[in-house]
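My numbering runs 1 ahead of the 1-based position in the sequence shown.
For reference, the structure is listed below as structure tokens.
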Amino acid sequence: MPIMIAKKIIPAALIVLSFFLMFKIEVHAKSAQRPIVIQGAMPVEVDKLIQGLKKVKKEKYGSFVFYKGEINRYPVIVSKTGKGMENAAAATAIAIVKYHPIAIINQGTSGGHVPNIHVFDIVVGKRVTNIGSFKTEIRGKNQGITPTRWMPMDLTASEESEEEVKAGQIRYFEGDQALLADAMKITDQYHKGKVVEGTIGSADVWNNEVDRINWLNSLFSTFVEEMEAASSAQVAESFQVPFLGIRIVSNNIVNGEKYNPNTETAGQSYVYKLVKTYIYNLTKK
Numbered sequence: 002m003p004i005m006i007a008k009k010i011i012p013a014a015l016i017v018l019s020f021f022l023m024f025k026i027e028v029h030a031k032s033a034q035r036p037i038v039i040q041g042a043m044p045v046e047v048d049k050l051i052q053g054l055k056k057v058k059k060e061k062y063g064s065f066v067f068y069k070g071e072i073n074r075y076p077v078i079v080s081k082t083g084k085g086m087e088n089a090a091a092a093t094a095i096a097i098v099k100y101h102p103i104a105i106i107n108q109g110t111s112g113g114h115v116p117n118i119h120v121f122d123i124v125v126g127k128r129v130t131n132i133g134s135f136k137t138e139i140r141g142k143n144q145g146i147t148p149t150r151w152m153p154m155d156l157t158a159s160e161e162s163e164e165e166v167k168a169g170q171i172r173y174f175e176g177d178q179a180l181l182a183d184a185m186k187i188t189d190q191y192h193k194g195k196v197v198e199g200t201i202g203s204a205d206v207w208n209n210e211v212d213r214i215n216w217l218n219s220l221f222s223t224f225v226e227e228m229e230a231a232s233s234a235q236v237a238e239s240f241q242v243p244f245l246g247i248r249i250v251s252n253n254i255v256n257g258e259k260y261n262p263n264t265e266t267a268g269q270s271y272v273y274k275l276v277k278t279y280i281y282n283l284t285k286k
């Protein structure tokens, strides 16, 4: 009788073990295919990227829209974040929690901060920073305002009051080195302008005062400004997700170059090539 029981138990155990191994293989395969998330604030900043996806499925959480698909058989999600720092931060948090991305690329258009950056040039974010977070001097009634004496404020420096000295530092979020390297490898494939590494500044402010732009550049070393990348980078860093900001210059008030709507598709084309390069390097390992 014990022999009969053993004969029945052993095949059953093998079946259970085989299912367990299949489950582990499936989980491993899924973990190896964590998606790349590409973000853009406005429809015109994501439409071309969405067109480049295969097997597209649209998902929506609140007002945030995600287009799940594939590029070269690898999962890619295009996220239409909406404009502004808060929308970008919320969309990034949702993307990380829902989709567990292997990397996040925040891209779109921007305004130039320096005269030698021209319309159609692309700035790859070696770092991004919040250029709208300041602490003012203490001034009484009728003592005026002095914006150029405002001090940068790093809200991530501590969990306590911003009276602390360390809160008075500029906080930069560094671009992921692998993404940055891949972005710079394909510069020879872009012919509408130059591609440079630089600092991208973000804030819920649209600056049209040249003197203020020059002041921001002197303070933060910004090449361009926009309204989303730094908040996305902050959330990505908190979850330890590789991040890169990329911005094409759509106008530059500093050198007088007017807005060109064709920059929107040109920037997306460059990012699409970057994603294909990144996928190739991921899958060849």
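Just so it is clear, CB atoms sit at the ideal spot from N, CA and C, and this is done for glycine as well.
Predicted model, so just to flag it, every value in this text is computed and none were measured.
| Item | Value |
| --- | --- |
| Through-space distance from Y281 to K56, alpha-carbon basis | 19 Å |
| Backbone secondary structure at G268 - three-state DSSP | helix |
| Assigned exposure category for H114 - 16 Cβ within 10 Å defines buried | buried |
| Top-ranked residue by Cα proximity to P76, from G85, K58 and V206 | K58 |
| K186 in three-state terms, based on DSSP | helix |
| Uninterrupted beta strand (DSSP E) stretches inside the segment 150–238 (no shorter than 3 residues) | 173–175, 196–203 and 223–227 |
| Spatial neighbours of P116 in its chain, beta-carbon cut-off 7 Å, leaving aside the 5 residues before and after | V255 and N256 |
| Three or more C-beta pairs below 8 Å linking the segment 124–135 and the segment 256–265 | no |
| Within 8 Å, strictly: CB atoms of A104 and L220 | no |
| 6 Å CB neighbourhood of G169 in its chain, flanking five on each side removed | M152 |
| Reduced DSSP category for Q52 - H, G, I as helix; E, B as strand; rest coil | helix |
| Touching by the beta-carbon criterion (3+ pairs, under 8 Å), the segment 122–131 and the segment 187–195 | yes |
| Given 8 Å, three or more beta-carbon pairs between the segment 269–280 and the segment 222–229 | no |
| Range of the contiguous alpha helix (DSSP H) that encloses K259 | Unbroken run through K259: none, as it is neither H nor E. |
| Presumed contact (8 Å Cβ cut-off) between N88 and G246, rounded CB distance | Incorrect: roughly 15 Å between the Cβ atoms, too far for contact. |
| Option nearest E46 by Cα separation, candidates V98, K285 and T266 | T266 |
| Secondary structure of E60, DSSP reduced to three states | strand |
| CB of G176 within 8 Å of CB of R128, strictly | yes |
| Euclidean distance between Cα positions of F67 and K61 | 6 Å |
| DSSP beta-bridge partners of E71 | K55 and P76 |
| Residue span of the beta strand (DSSP E) that contains A104, given as start and end | A104 to G113 |
| Whole-Å CB distance - I171 paired with P102, under 8 Å assumed | Going by Cβ atoms, the distance from I171 to P102 rounds to 27 Å, so no, they are not a contact pair. |
| Per-residue burial, H29 [other beta carbons within 10 Å of its own, 16 or more giving buried] | Confidence at H29 is low in this model, with a pLDDT of 43, below 50, so its placement is unreliable and no value can be given for it. |
| Bridge partner(s) assigned by DSSP for F244 | I105 |
| Sub-8 Å separation of A42 and G83 beta-carbons | yes |
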